[in-house]
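J.: Read in the numbering used here, the sequence shown has 151 at position 110, and its numbers run on one by one without any break. Take a look at this one; I'll ask things after.
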Amino acid sequence: MTPAARLQTAIEILDAIAASARDGGPPADALFAEAMRARRYAGSKDRRAIRALVYDAIRAVRSAPPSGRAAMLALADSDPDLAALFDGSPYGPAPIADGEPRAETGLAAPALIDLFDPLVGAGEGGAMLERAALDLRANRLKAGRDELAKLFPEGELIAGAPDGWRLPPETAAAQHPAYGEGLFEVQDAASQYAAAALDAAAGMRIVDLCAGGGGKTLAIASCTGDAADILACDTNRARLRQLAPRAERAGATRIETRLLDPGKEVDVLADWRGRADRVFVDAPCSGSGTWRRSPELRWRLTPSRLDRHLADQAKLIALGAELVAPGGKLLYAVCSIIAREGRAQVDEFLDRHPGWTADGGYLPAGIGRAAGRGFLLTPAHDRCDGFFLARLTAPC
Ligand SMILES: C[S@@+](CC[C@H](N)C(=O)[O-])C[C@H]1O[C@@H](n2cnc3c(N)ncnc32)[C@H](O)[C@@H]1O
């Protein structure tokens, strides 16, 4: 493909991504893969170049653009070589006309930035959109960090993550045979800190209420040496189904999965009521802490979608609390830096649940900043995804 044809393809893919962001459709990665399947004539170099253009535009543009062309024109304004490709050549984009609209660039829409936790400093925007490193977590059931260091000598330690090993973003670690053998998982440091913060130990009964595909469930099983009973729940059948084969690969044998019926979660969990030593609520959220990996999430967040997340989060913390045994602990987590999803949710819960208290001291030294009655992690401060975490103890 000519460079101009690659650019036109990127514009068409951005059209689909922007529409999907507005309609709540499939994520950018899925749309990119679908577009490439439909263009089998594109070789691997073409694919790489188109992908770079698409993601550069997503990172540059602050909210869903009116068109892919408007997004790419915004990028071209600071890149003369790119602007020169709008040349009207066959399969390329039409020349730039006077006064053509540009998408707005920047970190995020001002109304969204206003929602950030007050700890997030004005200088943190760059780190929030930088390409993230590839973090691995050694699966203690099969390997230690030293083995990862031998497998990937180009890596480095991750502060405060005893099983963590950090690699350059482009490393194809999941293609390594050791991944198939369950020696490690790909898991951002923030998720590793969160799993450790649960303070799970052998012999405990643990509920992972929003387990999804089980990334953190497996980290919890690894922390306990596969010596605790873990109930992994989710309302999403497709995600939860990924857990069994992953657990088998990891050698985790004490995880039971349970699909929850939305609205009937309490009934389905009646046998666990007041019986869990630890409950992890990794709640659905805006994902505003993960823009490094999924920059198009900032194109997706609308006030009504945020309201839905807030309602789900409040419901899930309260549901999780009902499962905790007297004196047991609940860890609430969101991969978000929006104060209403983080510290405000915990304040509201503690106001409504007398006797519950907020813990401290569950993050490694130097990691996170106190945010209300929890802690905030950010890419700039902690070199990991943005997360809010709060560990709460039930009355005895
Ligand atoms: C942040 S994700 C969890 C990620 C997962 N813990 C991991 O480490 O990969 C939030 C999950 O909550 C699930 N969820 C949404 N509503 C729920 C509900 N009412 N009960 C349980 N899970 C729910 C979503 O399907 C989604 O998988």
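No residue lacks a Cβ here, since even glycine has one placed at the ideal position from N, Cα and C.
Locate the alpha helix (DSSP H) running through VAL35, then write down its first and last residues.
T.: Nothing can be reported for residue 35, as the shown portion of the chain is limited to 42 through 437.
J.: Can you tell which of ARG316, GLU306 and ARG384 has the C-alpha that lies nearest to the C-alpha of MET245?
T.: Closest option to MET245, Cα to Cα, is ARG316.
J.: With DSSP run on the structure shown, which of helix, strand or coil describes TYR373?
T.: Note: TYR373 maps to strand in three-state DSSP.
J.: In terms of alpha-carbon separation, which member of ARG207, ASP70 and GLU297 lies closest to ARG282?
T.: Nearest option by C-alpha distance: GLU297.
J.: Which first and last residues belong to the beta strand (DSSP E) in which VAL102 is found?
T.: Here VAL102 belongs to no beta strand (DSSP E), and DSSP marks it neither H nor E.
J.: Suppose contacts are defined by Cβ-Cβ distances below 8 Å. Is GLY254 in contact with ALA230 by that definition?
T.: No, the pair does not count as a contact, with Cβ atoms beyond the cut-off.
J.: Confirm, please, whether the CB-CB distance from GLU165 to THR419 is below 8 Å.
T.: Their beta carbons are under 8 Å apart, which means THR419 touches GLU165 by this criterion.
J.: Between SER232 and ligand 1, is the CB less than 7 Å from at least one heavy atom?
T.: Within the cutoff, so yes.
J.: Note down, in chain order, each residue of its chain lying with its Cβ closer than 8 Å to the Cβ of ALA243, except the 5 sequence neighbours on either side.
T.: Correct list, in chain order: THR265, GLY266, ALA268 and ALA269.
J.: In the region 196-223, which residue ranges form an unbroken alpha helix (DSSP H) of at least 4 residues, counting only runs that do not cross its ends?
T.: Correct list: 218-221.
J.: Assuming ILE261 is part of the alpha helix (DSSP H), what are its boundary residues?
T.: Its alpha helix (DSSP H) spans residues 256-264.
J.: Is the region 430-437 close to the region 384-391, with three or more CB pairs under 8 Å?
T.: Yes, they touch.
J.: Hey, would you say ALA190 sits closer than 8 Å to LEU126, going by beta carbons?
T.: Not a contact, by the Cβ cut-off of 8 Å.
J.: Return the bridge partner residues of GLU226 from the DSSP annotation.
T.: Answer by DSSP bridge pairing, in chain order: ARG178.
J.: For ARG384, which of helix, strand or coil comes out of DSSP?
T.: Of the three classes helix, strand and coil, the one that applies to ARG384 here is helix, per DSSP.
J.: DSSP has ARG319 in a bridge; who is on the other side?
T.: ILE247 and LYS370.
J.: Which of the three DSSP states, helix, strand or coil, is assigned to ARG9?
T.: Since the first residue shown for the chain is 42 and the last is 437, residue 9 is missing from the structure and cannot be characterised.
J.: Which partner residues does THR434 have in the DSSP bridge list?
T.: Its beta-bridge partners are LYS370 and THR398.
J.: Is the closest heavy atom of ligand 1 to the C-beta of THR276 under 7 Å?
T.: Within the cutoff, so yes.
J.: From LEU192 to GLY407, what does the alpha carbon distance come to, in whole angstroms?
T.: Cα-Cα distance, rounded: 28 Å.
J.: Report, in whole angstroms, the separation of the C-beta atoms of CYS274 and LEU301, which I expect to be a contact under 8 Å.
T.: That pair is a contact at about 5 Å.
J.: When you compare the CB positions of ALA324 and GLN354, do they come within less than 8 Å of one another, or not?
T.: The answer is yes: Cβ separation under 8 Å.
J.: Would you report the Cα separation of GLY396 and LEU116, rounded to the nearest angstrom?
T.: Distance between the alpha carbons of GLY396 and LEU116: 53 Å.
J.: With distances taken from CA atoms, which of ALA311, GLY368 and GLU226 is nearest ALA184?
T.: Taking only the C-alpha atoms, the option nearest ALA184 is GLU226.
J.: Return the bridge partner residues of ILE271 from the DSSP annotation.
T.: Partner(s): ILE247 and ILE296.
J.: Keeping to the same chain, check which residues put their C-beta closer than 6 Å to that of ILE358; ignore five residues upstream and five downstream.
T.: Excluding residues within five positions, the ones whose Cβ falls inside 6 Å are VAL322, TYR373 and PHE390.
J.: Give the range of the alpha helix (DSSP H) segment to which ALA45 is assigned.
T.: That run of the alpha helix (DSSP H) goes 44-64.
J.: Return the CA-CA distance between GLU75 and ASP388, expressed in angstroms with no decimal places.
T.: Cα to Cα, the separation comes out at about 43 Å.
J.: Would you call the CB atoms of PRO134 and ARG110 closer than 8 Å?
T.: Against a cut-off of 8 Å, the Cβ pair of ARG110 and PRO134 comes out as a contact.
J.: Here's the rule I'm using: 16 or more other beta-carbon atoms within 10 Å means buried, otherwise exposed. How should GLN216 be labelled?
T.: Label assigned to GLN216: exposed.
J.: What does DSSP give as the partner residues of VAL365 in its beta bridges?
T.: Bridge partners of VAL365: ALA317.
J.: Might you give, ordered along the chain, the residues of its own chain that have their beta carbon closer than 7 Å to the beta carbon of ALA150, omitting 5 neighbours on each side?
T.: Once the five neighbours on either side are set aside, the close Cβ partners of ALA150 are ARG103 and SER104.
J.: Taking C-beta to C-beta, are ALA219 and LEU175 nearer than 8 Å?
T.: No. Outside cutoff.
J.: DSSP beta-bridge partners for THR146?
T.: The partner list for THR146 (beta bridge, DSSP) reads VAL102.
J.: Put GLY109 into one of helix, strand or coil per three-state DSSP.
T.: In the structure shown, GLY109 sits in a helix (DSSP, three-state: H, G or I).
J.: Going by Cα to Cα distance, which pick from GLY401, ALA352, ARG349 and ARG346 is closest to LEU371?
T.: LEU371 has its Cα closest to that of GLY401, out of GLY401, ALA352, ARG349 and ARG346.
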